[in-house]
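Protein chains in written order, with this note's numbering: chain D, 1 to 322; chain E, 1 to 322. Using N, Cα and C, we set each Cβ at its ideal position, and we do this for glycine too. Taking it in order: structure first as structure tokens, then the write-up.
2 protein chains.
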Amino acid sequence: MTTLGLGPGPEFDRIRAIARALGPLAAGLGDDCAVVPDGSGPSLVVSTDVSVEQVHFRRDWLRLGEIGWRSAAGALSDLAAAGAEAVGLLAAVTVPKDATEADLTEVMRGVGDAAGSVGGVVLGGDLSSGSAWSLAITVIGRAVRPLSRRGGRAGDGIWVSGALGASRAALETWRRGKEPEPAARRAFARPEPRLAAGQWLARRGATAMIDLSDGLAADAGHLAAASAMELRIELERIPLATSVVGPAKAAGITPAQFAAEGGEDYELLATLPGSFGAAEAQAFHAELGLPLTRIGALAPGSGARFLVAGAEVALAGFDHFR
Amino acid sequence: MTTLGLGPGPEFDRIRAIARALGPLAAGLGDDCAVVPDGSGPSLVVSTDVSVEQVHFRRDWLRLGEIGWRSAAGALSDLAAAGAEAVGLLAAVTVPKDATEADLTEVMRGVGDAAGSVGGVVLGGDLSSGSAWSLAITVIGRAVRPLSRRGGRAGDGIWVSGALGASRAALETWRRGKEPEPAARRAFARPEPRLAAGQWLARRGATAMIDLSDGLAADAGHLAAASAMELRIELERIPLATSVVGPAKAAGITPAQFAAEGGEDYELLATLPGSFGAAEAQAFHAELGLPLTRIGALAPGSGARFLVAGAEVALAGFDHFR
């Protein structure tokens with residue numbers, strides 16, 4: 001089932017098992033977004049993402065508005081990976097029994113703000129009571145030529161937006177009972193979905209794209225599987241958030257490994273033709289206020305390989321089922 | 001906020017509060033489906049619905065495949081109310097930690113079967129671990145002229161498909177520690193989303209439509225609010241599932257009240273011009289194998305009124321926040 005476009009991991013094994021069981025009914029599994037067949041004009045792209053209290057976040061880490069923002073931003077990030085613009089989102093929200101109407105409104109204000117930040121609206125939703133907060137956000141976007149994880153070609157460069165690892169830095173600092181530094185906290189609590197960057201990269205000829213939700217190590221594996229290519233990534237080229245240094249030291253690994261294995265950065269990993277170079281990356285930086293860094297290249301083969309001075313390093317991805 | 005198209009009730013108060021807080025960002029709250037602005041041709045309609053273990057169902061009542069079917073069917077029912085055909089759905093599934101890969105596959109087989117039963121596919125999804133099963137299903141459909149709760153006119157007849165109350169009959173029988181009769185159990189475990197019926201009614205000039213998920217009493221209130229009309233419904237005309245008799249007696253209320261207050265029947269409530277009569281209902285029955293019953297009429301005014309021999313009876317709707 002390599003056509004599913006998923007790398008190794010127990011969560012992805014589950015998705016593969018579902019796809020086998022459903023056969024032709026499972027039309028769109030294994031990509032960030034599904035493309036809804038449409039008439040002429042831009043295609044609609046849709047994606048759904050669920051954020052669960054105690055799994056994706058904890059109440060003592062985040063304000064209620066941040067829970068809403070983060071859940072919506074994580075889903076909107078899938079539209080960024082498709083090079084799409086946002087139409088809007090639907091929010092299916094499970095509300096703990098002790099939450100007030102004001103609490104729910106605060107959560108939904110965060111959801112609405114995230115949608116509004118990329119030009120979208122809240123199209124609809126559903127409410128249920130339950131034992132903990134849970135937000136299932138479905139995003140709807142439009143793209144003339146939707147990108148996916150498929151399409152990377154031998155010789156393409158591998159590029160990543162922004163800097164990685166800050167979200168994991170916040171997570172591991174909280175888990176050690178401490179308060180993360182403001183930049184790390186913000187990366188976790190209020191990630192910016194990269195829709196403008198995704199549209200820019202799509203216009204400039206990106207051949208494949210994925211957002212870094214499972215972490216670079218896992219997501220590079222997905223793109224490799226979907227494009228049926230080998231991704232060769234030089235670990236030392238990965239752009240690092242400054243806030244990873246302390247937490248990486250505490251974890252006893254290098255900052256680059258810490259960042260490459262960390263999930264939920266919501267930056268974009270794009271493959272671009274070999275002709276795309278430093279000048280183009282500079283234009284990206286100037287227009288979007290965000291670095292764009294070449295971290296490797298595609299070659300015939302399979303899997304994502306992380307190299308330090310030419311030697312391969314084994315990395316793990318973030319997985320909710322591990 | 002009467003434009004929200006919601007009747008009275010604490011769940012709907014929460015939605016009203018969210019709409020007030022979000023202002024123009026809350027473009028589509030308060031309807032079964034949102035219509036995605038599109039170019040020419042049929043419009044896309046979308047809706048999301050969440051089903052939570054211990055709130056909407058219990059594991060000792062349903063098989064895993066039924067949990068999947070029921071969650072998907074409840075969401076697909078919103079497409080029926082829009083008179084839409086199904087394109088597909090996305091499933092954001094929270095999986096309890098003790099569930100196996102086979103359990104999840106069984107749940108998703110139910111989801112896929114429900115989608116396939118109305119010509120749709122599974123377009124995508126997301127998985128998370130959690131403390132209990134929860135399925136947030138987002139459905140996508142297409143309609144040339146999407147119907148909503150708005151649009152009912154004075155003089156229109158109020159019609160309902162199928163027979164009501166069997167789902168509540170099952171629920172209350174389980175709650176009394178007994179096993180429901182097969183027809184009631186099936187109504188709860190494997191409801192049939194009425195997409196073909198909804199398309200038929202849309203073609204025959206339905207002016208407004210809603211699916212009976214919150215129960216006739218509550219849903220009639222929503223349609224009344226959205227259409228800015230009074231719904232006058234004769235309680236004795238409500239078509240009753242035969243399985244309601246015993247449970248209604250056990251609850252100490254009439255079968256008609258039991259059925260009108262019961263949620264999750266997933267039948268359609270439609271308003272149709274006065275010219276639509278018995279002959280048309282017979283054609284509906286012949287084509288769809290389902291009764292269609294006139295239970296009242298729209299008049300200038302507001303709210304849903306239930307009458308027995310001309311006297312009003314107070315009814316309650318089903319509400320997860322009550």
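Looking at the backbone, the Cα of Leu288 (chain D) and that of Asp211 (chain D) are separated by about 17 Å. Look at the region 215 to 235 of chain D: it has no residue with a C-beta under 7 Å from a C-beta of chain E. With a cutoff of 8 Å on beta-carbon distance, Ala84 (chain E) and Pro146 (chain E) are scored as near each other.
The alpha carbon of Ile18 (chain D) has as its nearest neighbour, out of E:Leu292, E:Leu89, E:Met108, E:Ala251, the alpha carbon of E:Met108. For Val87 (chain E), the closest C-alpha among the options E:Leu62, E:Val139, E:Arg59 is that of E:Val139. Note that the C-beta distance between Leu89 (chain E) and Gly124 (chain D) is not below 8 Å. At least one CB of chain E lies nearer than 8 Å to the CB of Glu101 (chain D). Listed along the chain, the chain D residues whose CB falls inside 8 Å of the CB of Glu192 (chain E) amount to none; the nearest CB is some 17 Å away. A Cβ-Cβ distance of about 6 Å is found for the pair Ile238 (chain D) and Ile295 (chain D), placing them in contact under the 8 Å criterion.
Non-local C-beta neighbours of Gly274 (chain D) in its own chain, meaning closer than 7 Å and more than five positions away in sequence, comprise Gly155, Asp156, Gly157, ordered along the chain. In the three-state DSSP reduction, Glu66 (chain D) falls in the helix class (H, G or I). Proximity of the region 96 to 113 of chain D to the region 198 to 218 of chain D falls short of the contact definition, fewer than three beta-carbon pairs being nearer than 8 Å. By the Cβ rule, the region 250 to 262 of chain D does not count as touching the region 2 to 12 of chain E, because fewer than three pairs are nearer than 8 Å. Contact annotation for Val55 (chain E) against chain D: Ser128, Ser129, Gly130 [CB-CB distance below 7 Å, chain order]. Under the Cβ distance rule, Thr207 (chain E) does not count among the residues neighbouring chain D, no pair being separated by less than 8 Å. Listed in chain order, the beta strand (DSSP E) elements of length 3 or more contained wholly in the region 61 to 129 of chain D are 85 to 96. Comparing alpha-carbon positions, the option among D:Val313, D:Thr293, D:Arg20, D:Ala297 lying closest to Ser161 (chain D) turns out to be D:Thr293. Residue-level contact by beta carbon holds for Gly116 (chain D) and chain E, with a gap shorter than 8 Å.
Annotated as distal: Gly198 (chain D) and Ala102 (chain D), with beta-carbon spacing of 8 Å or more. Within 10 angstroms of the beta-carbon of Val144 (chain D) lie fewer than 16 other beta-carbons, which makes it exposed.
For Arg232 (chain E) against Ala299 (chain E), the beta-carbon gap comes to about 6 Å, under 8 Å, which counts as contact. Separation of Glu280 (chain D) and Gly246 (chain D) (C-alpha to C-alpha, rounded to the nearest whole angstrom) is 33 Å.
In the structure shown, Glu11 (chain D) adopts helical secondary structure according to DSSP, grouped into three states.
One Cα belongs to Gly119 (chain E), the other to Leu201 (chain E), and the distance between them is close to 18 Å. The region 174 to 188 of chain E makes no contact with the region 108 to 117 of chain E, as fewer than three CB pairs between them are under 8 Å. As DSSP reads the structure, Gly157 (chain E) sits in a beta bridge with E:Leu272, E:Ala297. Residue contact with chain D for Ile238 (chain E): absent (no Cβ-Cβ distance below 8 Å to any residue of chain D).
If you look at Ala166 (chain E), you'll find it in the alpha helix (DSSP H) that goes 166 to 175. DSSP places Leu288 (chain E) in the helix class (H, G or I) of the three-state scheme.
Burial is judged here by how many other beta carbons sit within 10 angstroms of a residue's own beta carbon; Ala278 (chain E) has fewer than 16 and is exposed.
Residue pairing from DSSP places Ala34 (chain E) in a beta bridge opposite E:Val46. For Gly165 (chain E), the nearest beta carbon of chain D is not closer than 8 Å to its own beta carbon. Around the C-beta of Ala91 (chain D), 16 or more other C-beta atoms lie within 10 Å, and the residue is accordingly described as buried. For Leu25 (chain D), the closest alpha carbon among the candidates E:Gly7, E:Val122, E:Pro42, E:Glu236 is that of E:Val122. Contact of Glu11 (chain D) with chain E by beta-carbon distance below 7 Å involves Leu127.
As the crow flies, the alpha-carbon of Ala196 (chain D) is around 30 Å from that of Thr94 (chain D).
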